[in-house]
Amino acid sequence: MKQDCDKPSEKPGTKVQFRFYAELNDFLRRDRRQVVFDYYYHGPVSIKEAIENLGVPHSDVDLILVNGVQAELSRHLTENDYISVYPVFELLDISSLTSERKEPLRNIRFIVDCHLGRLAKNLRIIGFDTLYRNDYQDDEIRFLARLQNRIILTKDKGLLMAKSVTRGYYVRAIDTRGQTKEIIHKFDLVKKIDPLSRCLICNHKLIKLHPGTRPLGIFDDEGNPFTEIFRCYHCDKFFWKGSHYKHMIEEIIRYMQP
Ligand SMILES: [Zn+2]
Numbered sequence: 014m015k016q017d018c019d020k021p022s023e024k025p026g027t028k029v030q031f032r033f034y035a036e037l038n039d040f041l042r043r044d045r046r047q048v049v050f051d052y053y054y055h056g057p058v059s060i061k062e063a064i065e066n067l068g069v070p071h072s073d074v075d076l077i078l079v080n081g082v083q084a085e086l087s088r089h090l091t092e093n094d095y096i097s098v099y100p101v102f103e104l105l106d107i108s109s110l111t112s113e114r115k116e117p118l119r120n121i122r123f124i125v126d127c128h129l130g131r132l133a134k135n136l137r138i139i140g141f142d143t144l145y146r147n148d149y150q151d152d153e154i155r156f157l158a159r160l161q162n163r164i165i166l167t168k169d170k171g172l173l174m175a176k177s178v179t180r181g182y183y184v185r186a187i188d189t190r191g192q193t194k195e196i197i198h199k200f201d202l203v204k205k206i207d208p209l210s211r212c213l214i215c216n217h218k219l220i221k222l223h224p225g226t227r228p229l230g231i232f233d234d235e236g237n238p239f240t241e242i243f244r245c246y247h248c249d250k251f252f253w254k255g256s257h258y259k260h261m262i263e264e265i266i267r268y269m270q271p
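Residue numbering for the sequence shown follows this note's numbering, beginning at 14 and increasing consecutively.
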């Protein structure tokens, strides 16, 4: 049961207080951002239900403190609770606190929704394992994310609201370049960038060909064969460090700037 008494009434219900931190404020009504505010509820309501009722996807939440003590999303609200809600910490040091999620994601992997195809391609270009199809259904994305321990990247808040979602991020930027930069910095990926390691068409790992192996027709402007050629054995595409590669590296350096 979800109750949110935004409008004053004769019976406002039971009062708790919330404070949301950092980018979680983006989801809140303007007057609730960066401040402690009262929240009224009726009947048993979990923290998960309350924060989603306030518009914040639970998958963006990493740590909850109730009266200074760490709590689970499933905990029920009790009168006069003071609830602090923190976002997914990828950049900040919270080593002194135990995170809501039991295990950190050592190898960051993504799955993106059907509206973020260009972001998916960019993430592959810089070497991150990123699943994408333009015909994924929401349930399929949630299932694959859970099965393969992937972070869902989406511009659809509803996709992140389901209970089965444990890792997800609502992408704020509008254009692909801004989105790529946002993800790199949000998930602290700068040191993990590895260009030409993953096929940007199908996401499989690229294999560097032996210097003696030169597929026909791949030459530089002077007609010399490239020495470094990479092959995707899944979709049988070749990639090499031509002029497009130089442009790509320049673009990546721009993404890496804070
Ligand atoms: Zn491929």
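All residues carry an ideal CB built from backbone N, CA and C; glycine is no exception. Predicted, not measured: the structure shown is a model, and the values here were computed from it.
Assuming contact is defined by CB atoms lying nearer than 8 Å, are residue i and residue j in contact in what I supplied?
i      : j      : result
Leu202 : Leu166 : no
Tyr182 : Ile164 : yes
Val29  : Leu90  : yes
Gly171 : Asn147 : no
Expressed to the nearest angstrom, what Euclidean distance is found between the alpha-carbon atoms of residue i and residue j?
i      : j      : result
Phe123 : His257 : 25 Å
Arg155 : Lys250 : 29 Å
Phe33  : Arg46  : 7 Å
Tyr53  : Lys194 : 38 Å
Leu86  : Val79  : 11 Å
Ser210 : Phe141 : 9 Å
Arg43  : Asn66  : 15 Å
Asp151 : Gln83  : 31 Å
Ile121 : Phe31  : 30 Å
Thr27  : Asn93  : 8 Å
Taking residue i as the reference, which of the options has the closest Cα?
i      : options                        : result
Gly68  : Ile96, Ile60, Leu41            : Leu41
Ile206 : Ile196, Arg180, Ile214         : Ile196
Ile214 : Arg137, Gly255, Met261, Ile262 : Arg137
Gln192 : Pro70, Lys168, Asn162, Gly255  : Lys168
Ala63  : Glu36, Ala35, Tyr95            : Tyr95
Ile254 : Glu264, His247, Phe243, Cys248 : It should be noted that the sequence gives Lys, not Ile, for residue 254. The option with the nearest alpha carbon to Lys254 is Phe243.
Val74  : Asp126, Lys176, Thr189         : Lys176
His71  : Thr143, Thr179, Val125, Phe252 : Thr179
State the beta-bridge partners of residue i as determined by DSSP.
i      : result
Arg244 : Ile220, Phe251
Arg32  : Ser97
Leu76  : Tyr99
Glu50  : Looking at the sequence itself, residue 50 is Phe, so the reference to Glu does not match. BP columns for Phe50 point to Phe31.
Gln83  : Leu78
Looking at the unbroken alpha helix (DSSP H) that takes in residue i, where does it start and where does it end?
i      : result
Thr189 : 189 to 199
Provide the residue span of the beta strand (DSSP E) that contains residue i, from first to last.
i      : result
Phe141 : Note, Phe141: premise wrong, no beta strand (DSSP E); not H, not E.
Phe124 : The identity of residue 124 in the sequence shown is Ile, whereas the question assumes Phe. 123 to 125 is the span of the beta strand (DSSP E), which, as asked, contains Ile124.
Leu166 : 164 to 167
Tyr183 : 181 to 183
Counting contacts by CB-CB distance shorter than 8 Å, is residue i in contact with chain D?
i      : result
Arg185 : The structure shown has no chain D; it contains just one protein chain.
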